[in-house]
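Here's the structure we're looking at; comments come further down.
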Amino acid sequence: MSLDHDAILRLAERVETAQTYATPIRKLTDDYPAMTVADAYRVQTALRRSYEARGQRVVGWKAGLTSRPKMVQMGVDKPGIGFLTDAMARPDNAVISVSDLIHPRAECEIAFVTGADLSGHVTREEVLAATDYIQPSIEIIDSRFTGFKFDLESVLADNSSSARFIAGGRPRRPAEIDLRTIGVVMELNGEIAALGASAEVLGHPADAVVMLVGVLHEIGEILPAGSFVMSGAITAAIPVKAGDALTARFLDMGSITVRFGE
Ligand code: OOG
Ligand code: MG
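Residues 90 to 351 (the working numbering) are what the sequence shown spells out, left to right.
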């Protein structure tokens, strides 16, 4: 850590303003080149506290940059995490407004819903044992940085580009399904836009939850029972705009559809 407390609060405010008004900003390391990953998570924590002070509730967490297609697309080679609040949730079949987003992109992810606390250094088996069910999800990300270009420190401070998320499809118990071989197809306006399989996510999506719980430990948090956890995009993210319809189909787990409007 290298930034003082005032700088952390200033950066959190800068990010919150960009998120609230959908106005792009320079990446934070342009002005604070000494910023570390630990500083970035301090900014993310200040942002989380500010949203909570405004009445939003943290309902879960997301892992990001956990697949090779995402790392290649974004030019970042390490995963990270972000928080999810009730205000970011949208239902299946929702029309998602894009006028309060800068340059949204859609991702398909395997989500975990936990039934027991997880903390510290956990194993894949411990994650699976603590998982009530897994479920399809779509994440709408929206980097607050100009041109959707960032480095690891900047994107973590921007809550890992979190914007909206949708859960749907058919929930499955982790023991019923091979979590590595879930095929996914993303259709944009009826055309196949991306496809992949869940093993793209760190070899096994539960390992993204292992990583996430480890980062939570480093920032002094645990993953409480009842959390909704997204394990990270399986394919590269797809840019979306008003008028688009996106369907994510998950093998043996149903599908989720969202439409985008002004
Ligand atoms: C960072 C967030 C990535 C994922 O699922 O990989 C992410 C970004 O690409 O803007 O949510
Ligand atoms: Mg994501």
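Quick reminder that beta carbons are idealized off the backbone N, C-alpha and C, glycines included.
As the structure is a computational prediction, the values presented were derived from the model and not from experiment.
Shortest gap from the CB of glycine 204 to any heavy atom of the ligand OOG: 7 Å or more.
Under the three-state reduction of DSSP, phenylalanine 237 is assigned to helix. Where serine 139 is concerned, the enclosing alpha helix (DSSP H) starts and stops at 126–142. For glycine 169, the three-state secondary structure derived from DSSP is strand.
In the DSSP annotation of this structure, glutamine 108 is not part of any beta strand (DSSP E); the continuous alpha helix (DSSP H) holding it starts and ends at 94–110. Taking the CA atoms as reference points, valine 244 sits about 27 Å from alanine 314. Collapsing the DSSP output to three states places arginine 259 in coil. The continuous stretches of alpha helix (DSSP H) do not include glycine 149, which lies in the beta strand (DSSP E) extending over residues 147–153. Restricting attention to Phe349, Gln133, Ser287 and Ala331, the CA atom closest to the CA of leucine 268 is found in Ser287. Residue Ile255 holds the alpha-carbon nearest to the alpha-carbon of phenylalanine 317 among Ile345, His293 and Ile255.
The beta carbons of glutamine 133 and alanine 246 sit closer together than 8 Å. Under the three-pair Cβ rule at 8 Å, the stretch 229–241 counts as touching the stretch 100–120. Cβ-Cβ separation between aspartate 231 and asparagine 278: approximately 20 Å, too far for a contact (criterion under 8 Å). Measuring C-alpha to C-alpha distances from glycine 258 to each of Gly343, Leu98 and Leu291 identifies Gly343 as the nearest. The three-state secondary structure of aspartate 296, taken from DSSP, is helix. A straight-line Cα-Cα distance of about 17 Å links isoleucine 97 and phenylalanine 172. Contact check for alanine 152 and methionine 275: beta-carbon distance about 19 Å, past the 8 Å limit, so the pair fails to qualify. For methionine 319, the enclosing beta strand (DSSP E) starts and ends at 317–319.
Remark: the shortest separation between the CB of isoleucine 311 and any heavy atom of the ligand OOG does not fall under 7 Å. With a 10 Å radius around the Cβ and a threshold of 16 neighbouring Cβ atoms, serine 249 comes out buried. DSSP places methionine 275 in the strand class (E or B) of the three-state scheme.
Of the residues assessed, valine 165 falls on the buried side of the cut-off, its CB having 16 or more other CB atoms within 10 angstroms. Residue pairing by DSSP places arginine 338 opposite Val274 and Ser344 in a beta bridge.
Annotated as distal: leucine 312 and valine 304, with beta-carbon spacing of 8 Å or more. For threonine 324, DSSP records no beta bridge to any residue. With a cut-off of 7 Å, the C-beta of isoleucine 230 is classified as near the ligand MG, since at least one heavy atom of the ligand falls inside that distance.
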